[in-house]
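The block underneath contains the structure these notes are about, expressed in structure tokens.
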């Protein structure tokens, strides 16, 4: 079963624009993580935000977490062609990491 | 450091045949996971090991799937017999384990096609 639901399922933007992806989940969590997956590859960890944090930054990534709404968002600023990939949120609860269905991001040159 | 190594990268078999996937985690990572990823979906957990012990195999279809992690290092996931619906990418991941956040390092995956 997959706890996270991501929105949109697919996103296509122009290079240089910002990309925002959303994740909603159902149960209480310890932390929420975002992973990236390039075509034909495994997932790569991007950023982790703990349940007592509201916002976190890492380079061009900004993650927010609203535990009252059980939702998170991932913002990628100044997108590049290399950001083309699928992005997954994963909720960590009871020592189990559960992934959402992902957002497929395409950056057009 | 080599990262999480999986083999084979691709496997095509006919239904009812057996298949096995191998995973070598990052050295020192005590916790190992097998996930299955269907096309266009997120990974779904099959089994989690702490050292050589399977601590969560609740989503492993035990009638046809089996896994082992001898000596708490390498792991093998087997399917026998394979069905058409088993076509997917099988991902192995590892982490240091213990208290704290579960940040996983994934292998490149083994893509299975069942004909």
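Chains as they are written, first to last, in this note's numbering: chain V, 340 to 448; chain R, -7 to 107. Virtual Cβ for every residue (Gly too), placed ideally from N, Cα, C.
C-alpha gap between residue i and residue j, whole angstroms
| i | j | result |
| --- | --- | --- |
| residue 366 of chain V | residue 430 of chain V | 9 Å |
| residue 15 of chain R | residue 47 of chain R | 18 Å |
| residue 17 of chain R | residue 30 of chain R | 22 Å |
| residue 32 of chain R | residue 83 of chain R | 14 Å |
| residue 428 of chain V | residue 420 of chain V | 21 Å |
| residue 361 of chain V | residue 347 of chain V | 7 Å |
| residue 24 of chain R | residue 49 of chain R | 12 Å |
| residue 363 of chain V | residue 37 of chain R | 19 Å |
| residue 382 of chain V | residue 372 of chain V | 12 Å |
| residue 283 of chain V | residue 423 of chain V | Residue numbering for chain V in the displayed model covers 340 to 448; residue 283 of chain V lies beyond these limits and cannot be assessed. |
| residue 59 of chain R | residue 28 of chain R | 13 Å |
Check whether residue i and residue j have beta carbons under 8 Å apart
| i | j | result |
| --- | --- | --- |
| residue 384 of chain V | residue 96 of chain R | yes |
| residue 12 of chain R | residue 70 of chain R | yes |
| residue 445 of chain V | residue 425 of chain V | no |
| residue 106 of chain R | residue 5 of chain R | yes |
| residue -3 of chain R | residue 99 of chain R | yes |
Three-way DSSP call (helix, strand, coil) for residue i in this model
| i | result |
| --- | --- |
| residue 49 of chain R | coil |
| residue 85 of chain R | strand |
| residue 63 of chain R | helix |
| residue 349 of chain V | strand |
| residue 55 of chain R | coil |
| residue 340 of chain V | In this prediction, residue 340 of chain V has a pLDDT of 49, which is less than 50 and means its spatial position is unreliable; what the coordinates show is noted afterwards. If DSSP states are grouped into helix, strand and coil, residue 340 of chain V belongs with coil. |
*Along the region 375 to 403 of chain V, what residues have a CB closer than 9 Å to any CB found in chain R?*
376, 379, 380, 381, 382, 383, 384, 387, 389
_Closer than 7 Å between beta carbons: that is the criterion. Which residues of the region -5 to 7 of chain R meet it against chain V?_
none
*Say whether the region 345 to 360 of chain V touches the region 407 to 416 of chain V, bearing in mind that this needs 3 or more beta-carbon pairs closer than 8 Å, one atom from each stretch.*
Remark: three or more beta-carbon pairs, one from each stretch, lie closer than 8 Å, so the region 345 to 360 of chain V and the region 407 to 416 of chain V are flagged as touching.
*asked:* For the region 426 to 438 of chain V, list every residue whose C-beta sits within 9 Å of some C-beta in chain R, in sequence order.
replied: 427, 428, 429, 431, 434, 435, 436, 437, 438
_Residues of the region 17 to 32 of chain R whose Cβ lies closer than 7 Å to any Cβ of chain V, in chain order_ = none
*According to a CB-to-CB cut-off of less than 9 Å, which residues of the region 45 to 58 of chain R neighbour chain V?*
Taking 9 Å as the Cβ-Cβ cut-off against chain V, the residues of the region 45 to 58 of chain R that qualify are 47, 48, 51.
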